[in-house]
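In what follows, a single structure is set out as structure tokens and then discussed.
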Amino acid sequence: MLHKTRGIVFKTTDYSESSVVVQIFTEKFGLQAYLINGVKKPRAKISRNMLQPLHLLEMVVYHKLNGNIQRVSELKNAPILTTIPYDIVKSSLVIFLNEVLYKAVRQESSDENLFNFIFYSIEWLDHQEQGLANFHLLFLVQLSRYLGFHPERNEAGTAAYFDLKDGLFVKSKPEHNLYLAPPYTQYFNLLIGRNFEDLPEIRLPNDIRKYLLDRMIEYYALHIDSFGQIRSHEVLEEVLG
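Structure, rendered in structure tokens:
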């Protein structure tokens with residue numbers, strides 16, 4: 415049976431001389447693997463270039479319950495990303511976000527709220543020209559809400575520390591070493607509850623941004639089983655300066 419669904423490319427892997435298997439997070443079926451034939455041929459209807467990380471798709475697919483690899487009938491980029499592929503800052507952000515999402519999003523069932531958040535975020539990034547330096551930090555904070563470990567702000571106004579293990583702002587230093595302390599706690603709190611539209615107003619020194627990113631990656635690793643190591647953030651930090 416054929417189904418229409420939107421999708422977000424996560425990872426493309428060579429399968430044969432002209433075919434690939436693409437991990438696509440779909441609106442209708444969650445994360446699925448699709449075999450696409452002939453993508454490397456000169457006049458391919460679906461080209462490898464259409465399957466770049468976090469490219470946005472409209473698809474018509476075959477779907478079999480409990481199928482390991484699904485099939486695609488039709489696929490197109492929609493909307494077409496007009497700046498991300500050509501902007502070094504945006505493309506570096508996307509490479510980093512793609513690595514995080516590939517490690518963090520695993521559900522093989524529909525999660526429309528999570529899907530819409532990621533889809534909207536990529537659209538926003540493609541159109542935005544200001545406030546990009548902290549986009550990835552705010553993305554990680556907001557993504558954690560959909561993954562089930564968004565920071566609790568009950569004590570944020572008076573707390574000196576943020577406990578990375580429990581996801582809580584606390585007044586006393588935790589007994590372990592997995593926490594944020596001043597001034598990082600206050601900078602982190604600045605990001606929580608903000609929207610992407612607020613980014614041009616958020617100013618973080620480079621060293622603060624780098625520290626918060628390292629701790630956010632640690633936060634994800636604490637709350638997602640087998641999250642592993644993130645490597646692309648090092649390149650991103652160089653690009654952002």
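For reference, each letter of the sequence shown is one residue, going 415 to 655 in my numbering.
Just so you know, even glycine gets a beta-carbon here, dropped at the ideal spot from N, CA and C.
Exercise for the section: Per DSSP, which residues does His417 bridge with? Please list them. Expected result: Here the question's residue 417 lines up with position 3 in the sequence shown. Bridge partners of His417: Val475.
Exercise for the section: Return helix, strand or coil for Tyr560, following the three-state DSSP convention. Expected result: If you number the sequence shown from 1, residue 560 lands on position 146. Of the three classes helix, strand and coil, the one that applies to Tyr560 here is helix, per DSSP.
Problem - Best match in Glu651, Pro596 and Ile422 for proximity to Leu528 [C-alpha to C-alpha] - result: Mapped onto the sequence shown, residue 528 falls at position 114. Among Glu651, Pro596 and Ile422, the Cα nearest to that of Leu528 is on Ile422.
Problem - For Val435: DSSP bridge partner residues - result: Position 21 of the sequence shown, counting from 1, holds the residue named residue 435. Beta-bridge pairing links Val435 to Thr427 and Leu449.
Practice task
Would you mind stating whether Ala623 and Leu551 have Cβ atoms separated by less than 8 Å?
Solution key: As a position in the sequence shown, residue 623 is number 209, starting the count at 1. As a position in the sequence shown, residue 551 is number 137, starting the count at 1. At residue 623 the sequence reads Arg, which differs from the Ala that was named. Cβ atoms of Arg623 and Leu551: closer than 8 Å.
Exercise for the section: Note the first and the last residue of the continuous beta strand (DSSP E) segment covering Asp577. Expected result: As a working note, residue 577 is residue 163 in the sequence shown. First-last of the beta strand (DSSP E) with Asp577: Tyr575 to Asp577.
Practice task
Grab the span of the alpha helix (DSSP H) containing Ser461 for me, first residue to last.
Solution key: Counting from one through the sequence shown, the residue named residue 461 turns up at place 47. Unbroken run through Ser461: none, as it is neither H nor E.
Exercise for the section: Give the DSSP-derived three-state secondary structure of Ile483 in the structure shown. Expected result: Residue numbering aside, residue 483 sits at position 69 when the sequence shown is read from its first letter. Three-state result, Ile483: coil.
Practice task
Using alpha carbons as the reference points, say which of Pro456, Val434, Ala458 and Lys459 lies closest to Leu449.
Solution key: Here residue 449 is taken as the residue at index 35 of the sequence shown, counted from 1. It is Val434.
Exercise for the section: Report the option in Lys455, Tyr634, Met415 and Lys454 whose CA atom is closest to the CA atom of Gln556. Expected result: By 1-based counting over the sequence shown, the position of residue 556 is 142. Comparing Cα positions, the closest option is Tyr634.
Problem - Buried or exposed by the 16-neighbour rule on C-beta atoms within 10 Å, applied to Ala547 - result: Residue 547 sits at position 133 when you count from the first residue of the sequence shown. Buried, since its Cβ has 16 or more Cβ neighbours within 10 Å.
Handout entry: Start and end residues, beta strand (DSSP E) containing Val584
Key = In the sequence shown, the residue the question calls residue 584 occupies position 170. That run of the beta strand (DSSP E) goes Leu582 to Val584.
Practice task
Express the C-alpha separation of Leu470 and Ser524 in angstroms, rounding to a whole number.
Solution key: To locate residue 524, count along the sequence shown from 1; it is residue 110. To locate residue 470, count along the sequence shown from 1; it is residue 56. Roughly 17 Å separates the two Cα atoms.
Practice task
Check whether the Cβ atoms of Lys579 and His564 sit closer than 8 Å, and answer yes or no.
Solution key: Counting from 1 along the sequence shown, the entry for residue 579 is found at position 165. Counting from 1 along the sequence shown, the entry for residue 564 is found at position 150. No, the Cβ-Cβ distance between Lys579 and His564 is not below 8 Å.
Exercise for the section: Report yes or no: do the segment 479-487 and the segment 440-455 share at least 3 C-beta pairs separated by less than 8 Å? Expected result: yes
Practice task
Could you tell me the distance, in whole angstroms, from the CA atom of Gln600 to the CA atom of Pro456?
Solution key: Within the sequence shown, numbered from 1, the residue matching residue 600 stands at position 186. Within the sequence shown, numbered from 1, the residue matching residue 456 stands at position 42. Roughly 53 Å separates the two Cα atoms.
Exercise for the section: Compare the C-alpha of Gln655 against each of Asp621, Glu632, Ser646 and Ile644 and name the closest. Expected result: Taking the sequence shown and counting its residues from 1, the one referred to as residue 655 is at position 241. The question names Gln, but residue 655 is Gly in the sequence shown. Answer by Cα proximity: Asp621.
Practice task
Name the one or two DSSP bridge partners that Gly444 has.
Solution key: On the sequence shown, residue 444 is found 30 positions in, with the first residue counted as 1. Looking at the DSSP assignment, Gly444 forms a beta bridge with Thr440.
Practice task
Could you tell me if Lys504 is buried or exposed, where buried requires 16 or more neighbouring beta carbons within 10 angstroms of its beta carbon?
Solution key: Within the sequence shown, the letter at position 90 stands for residue 504. Label assigned to Lys504: buried.
Handout entry: Short Cβ contact (8 Å threshold) for Thr419 with Glu441
Key = Stepping through the sequence shown from its first residue, residue 419 is reached at position 5. Stepping through the sequence shown from its first residue, residue 441 is reached at position 27. Cβ atoms of Thr419 and Glu441: closer than 8 Å.
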